[in-house]
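2 protein chains.
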Amino acid sequence: MNGLHLTADLSGCRSGDSLHTDPEALRHLCLKAVAASGLQAVGQLFHRFPAAGGVTGVVLLAESHLAVHTWPELAAVTLDVYVCNLGRDNTAAAETLMAALVAAFEPAAVQRQVLHRGQAVG
Amino acid sequence: MNGLHLTADLSGCRSGDSLHTDPEALRHLCLKAVAASGLQAVGQLFHRFPAAGGVTGVVLLAESHLAVHTWPELAAVTLDVYVCNLGRDNTAAAETLMAALVAAFEPAAVQRQVLHRGQAVG
Numbered sequence: 026m027n028g029l030h031l032t033a034d035l036s037g038c039r040s041g042d043s044l045h046t047d048p049e050a051l052r053h054l055c056l057k058a059v060a061a062s063g064l065q066a067v068g069q070l071f072h073r074f075p076a077a078g079g080v081t082g083v084v085l086l087a088e089s090h091l092a093v094h095t096w097p098e099l100a101a102v103t104l105d106v107y108v109c110n111l112g113r114d115n116t117a118a119a120e121t122l123m124a125a126l127v128a129a130f131e132p133a134a135v136q137r138q139v140l141h142r143g144q145a146v147g
Numbered sequence: 026m027n028g029l030h031l032t033a034d035l036s037g038c039r040s041g042d043s044l045h046t047d048p049e050a051l052r053h054l055c056l057k058a059v060a061a062s063g064l065q066a067v068g069q070l071f072h073r074f075p076a077a078g079g080v081t082g083v084v085l086l087a088e089s090h091l092a093v094h095t096w097p098e099l100a101a102v103t104l105d106v107y108v109c110n111l112g113r114d115n116t117a118a119a120e121t122l123m124a125a126l127v128a129a130f131e132p133a134a135v136q137r138q139v140l141h142r143g144q145a146v147g
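In order, the protein sequences belong to chains E and G.
For the first sequence, the working numbering gives the first residue as 26, with consecutive numbering after it.
For the second sequence, the working numbering gives the first residue as 26, with consecutive numbering after it.
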């Protein structure tokens with residue numbers, strides 16, 4: 026259950042992009058990037074907030090999950106890519122997926138963090 | 026967009042509990058714990074894996090998200106509670122929610138991590 030959790034918090038993203046406010050555009054990006062990374066989607070859910078127009082989206086993966094939150098009013102986005110490494114090492118796939126998502130938002134700055142999960146578990 | 030992301034990776038959880046394998050039982054726990062914490066659910070999705078019988082669940086929150094993965098074959102569970110603190114400080118609610126979920130699984134050991142998100146953003 027040893028896993029790798031990557032986060033990237035983006036600021037100064039390209040403004041006016043539909044990815045920040047259109048759940049369908051964000052869903053398309055996420056599912057395309059998951060497939061290209063070699064990870065396996067098993068479910069997805071995207072929600073648009075009526076007030077500020079931000080979107081929250083998650084893709085459930087056979088390997089764990091992807092989560093995206095957009096704040097169009099702040100030109101900000103946060104990304105989570107979490108993969109377990111049970112059965113095979115998904116590190117490269119997680120990094121590929123994260124890189125594709127970060128690039129799509131064209132941020133001016135990125136705060137990245139790396140968590141090693143479940144080290145004590147198995 | 027300043028946020029707090031709590032993770033807890035549980036091992037030695039009470040075996041044979043339906044929370045590990047029944048999406049409906051896990052959904053009920055999660056939604057009840059979210060409501061009790063004062064956070065606001067805006068969507069949810071739970072998926073059961075046919076092979077090992079584990080469950081992945083997410084609750085989309087007005088404040089960000091909750092994610093749960095179970096590995097019944099390892100008696101292991103990972104939990105994520107991520108809240109943005111835009112508008113109000115949701116730290117106490119996030120801690121309350123995480124505490125309720127950890128307690129429900131009765132783990133022998135817990136690996137906890139705390140991430141401060143989006144510090145550079147606003």
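Even glycine gets a Cβ: it sits at the ideal position worked out from N, Cα and C.
_Can you pull out the residues from the segment 78-107 of chain G whose beta carbon lies closer than 7 Å to at least one beta carbon of chain E?_
Thr81, Val83, Leu85, Ser89, His90, Ala92, His94, Trp96, Leu99, Ala101, Thr103
*Determine the chain G residues that contact Thr46 (chain E) at a beta-carbon separation under 8 Å, and present them in chain order.*
Simply none; closest approach about 15 Å.
*asked:* Assuming contact is defined by CB atoms lying nearer than 9 Å, are Met123 (chain E) and Leu31 (chain E) in contact in what I supplied?
replied: yes
*Just checking my contact of Gly78 (chain G) with Thr46 (chain G) at CB under 8 Å: how many whole Å lie between their CB atoms?*
5 Å
*With a CB to CB cut of under 8 Å and the five nearest residues on each side skipped, what residues in its chain are close to Ala134 (chain G)?*
Leu35, Ser36, Gly37
*asked:* Short of 6 Å in beta carbon distance, which residues of its chain neighbour Asn115 (chain E), apart from the five on each side in sequence? Order them along the chain.
replied: Glu88, Val108
*With a Cβ-Cβ cutoff of 9 Å, do Thr81 (chain G) and Gly68 (chain E) count as a contact?*
yes
_Between the CA atoms of Gly41 (chain G) and Ala129 (chain E) - distance to the nearest angstrom_ = 43 Å
*Give the DSSP-derived three-state secondary structure of Thr116 (chain E) in the structure shown.*
helix
*What residue does the alpha helix (DSSP H) around Ser62 (chain G) start on, and which one ends it?*
48-62
*Which residues in chain G sit within 7 Å of Val67 (chain E), going by Cβ to Cβ distance?*
His72
*Where does Phe74 (chain G) fall in DSSP's three states?*
coil
*asked:* For Gly147 (chain E), which residues in the same chain have their Cβ closer than 8 Å to its Cβ, ignoring the five residues on either side in sequence?
replied: Low confidence applies here, because Gly147 (chain E) scores a pLDDT of 45, under 50, leaving its location unreliable; read the following figure in that light. Cβ within range, chain order: Met26, Asn27.
*At what residues does the beta strand (DSSP E) containing Cys38 (chain G) begin and finish?*
That residue, Cys38 (chain G), is in no beta strand (DSSP E); it is neither H nor E in DSSP.
*asked:* Taking 9 Å as the threshold (C-beta atoms), are Leu85 (chain E) and Gly101 (chain E) in contact?
replied: For the record, residue 101 (chain E) in the displayed sequence is Ala; it is not Gly. Not closer than 9 Å, so no.
*Cα-Cα, which of E:Leu64, E:Val83, E:Pro75 is closest to Glu98 (chain E)?*
E:Pro75
*Could you check how far apart the C-beta atoms of Val83 (chain E) and Val83 (chain G) are, in whole angstroms? I think they sit under 8 Å.*
5 Å
*State the DSSP-derived secondary structure class of Val146 (chain G), mapped to helix, strand or coil.*
Per-residue confidence for Val146 (chain G) stands at a pLDDT of 49, beneath the threshold of 50, marking its modelled position as unreliable; the derived number appears in the next sentence. In the structure shown, Val146 (chain G) sits in coil (DSSP, three-state: anything other than H, G, I, E or B).
*Just mark Val139 (chain E) as buried or exposed, buried being the case when its beta carbon has 16 or more other beta carbons within 10 Å.*
exposed
_Can you pull the chain G neighbours of Leu140 (chain E), defined as C-beta to C-beta under 8 Å?_
Thr32, Gln138, Leu140
*Can you give me the start and stop residues for the beta strand (DSSP E) that His90 (chain E) sits inside?*
89-96
*Three-state secondary structure (DSSP) at Leu44 (chain E)?*
helix
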